[in-house]
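Read in order, the letters of the sequence shown correspond to residues 1 to 249 in UniProt numbering. For glycine and all other residues, C-beta sits at the position ideal for the given N, C-alpha and C.
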Amino acid sequence: MFTNFQNIDELKAWCVEQERQTNRFTELLPELSTEDGLVPIHALIVGDDGSLTLRVDSSIEIHPHGRARGPAKLLLNSPDLWKYSAIRVQSGRPTVSKAPVYGVPFRKALDIVLREGVHISTFQIPKQNIDAYYSTLVVRLSRQQGQTGAELQLDAWQWIGKDVYVDYVHAILTDDATQVVHLDGALMSFSCESDIESFLWNNKKHKCAHKEKYFRVDAALPLDEAVLLIRAFFSVEEMADEYFEYKSE
């Protein structure tokens, strides 16, 4: 499972280790693979908890390819078939995985904001199998005084891990977080990807090159309805689901 990191240094160390494992896996893969790109199960070490590592380098954790997870689960539970079987594997988790890298979901963040005034949550899921692209969602929730009293401000940025475009959502919520009284969504473009990385990960200010708004609602909406709009706007809705702990019917 992804780790719930306590700070940015732990996250950076995790990213460095993932990159090392990916590079080593890519280096070893040609000598391990069959002609059709599969890795024999006997070339893997199956842990008691079902985890997989390479026999030639047990520091490399691997996972069945997303499309091979079903057959792999059955085969890994049948040791008598291991020497006859091979599966497609990858060094990163399948893209269907979704979990917070660090930070907390909305309701827990709200408790922190009511005590401390502001909280930033970051979520991340793999975008591609081996390439080091991660979709990232950064949400800043804060409490401040508005024209009619205390209110909550929510700013959320989502980046798919490449290109210079970032989805952005801004919302104003009632102080009890039951309603959203303003919501808008825009596309921000930056000069380069490094500006986005330092903006999202290090909170460094970088003025976007262009910002184009795509929708705006100035009316009182129940929070659940606003979440549906946010999910519909973001390119990767799974991370919004994680943050708001949304579950479809």
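What's the gap between the Cα of L221 and the Cα of L229?
10 Å
Residue burial classification, R143 (beta-carbon count within 10 angstroms, cutoff 16):
buried
Between the Cα of E151 and the Cα atoms of Y168, L173, S78, V46, which residue gives the shortest distance?
L173
The beta strand (DSSP E) with D167 in it runs from where to where?
165 to 174
Hey, T34 and A86 are a contact pair by Cβ (cut 8 Å); roughly how many whole angstroms apart?
6 Å
Report yes if the CB atom of residue 251 is closer than 9 Å to the CB atom of L44, and no otherwise.
The chain is shown only over 1 to 249; residue 251 falls outside these bounds and no answer can be derived.
Go ahead and pull the three-state DSSP assignment for A186.
strand
How is H65 classed by DSSP in three states: helix, strand or coil?
coil
Write down the C-beta distance between R240 and F234 rounded to the nearest angstrom, noting that I regard them as a contact closer than 8 Å.
Per the sequence shown, residue 240 should be read as Ala rather than Arg. That belief holds up - the Cβ atoms of A240 and F234 are roughly 5 Å apart, short of 8 Å.
Proximity below 9 Å, CB of T26 to CB of S91
yes
Rounded to the nearest angstrom, what separates K83 and I60 at their Cα positions?
21 Å
Helix, strand or coil for D241, going by three-state DSSP, please let me know.
helix
Contacts around L32, its chain only, beta-carbon distance under 6 Å, and the 5 residues preceding and following it disregarded
V39, A43
For A99, does the three-state DSSP call read helix, strand or coil?
With a pLDDT of 45 at A99, under the threshold of 50, the modelled position of that residue is not reliable, and no figure is offered here.
Taking 9 Å as the cut-off, decide whether the C-beta atoms of residue 250 and A177 are in contact.
Coverage of the chain is limited to positions 1 through 249, which leaves residue 250 absent and any answer about it impossible.
In three-state terms, what does DSSP make of Q21?
helix
DSSP on K83, reduced to helix/strand/coil?
helix
By Cβ distance, which residues of its chain are closer than 7 Å to L200, with the 5 residues on each side in sequence left out?
T136, V138, W157, W159
Compute the minimum distance between the beta carbon of E31 and the heavy atoms of the ligand SAM, and state whether it is under 8 Å.
Absence of the ligand SAM is noted for the structure shown, with no ligands found whatsoever.
K162 lies in the alpha helix (DSSP H); which residues open and close that run?
Here K162 belongs to no alpha helix (DSSP H), and DSSP marks it neither H nor E.
Rank Q18, D167, H182 by C-alpha distance to the C-alpha of E212 and give the top, closest one.
D167
Please classify F244: is it buried, with 16 or more other beta-carbons within 10 angstroms of its beta-carbon, or exposed?
buried
Which residue's Cα is closest to the Cα of P64: L114, V181, R88?
R88
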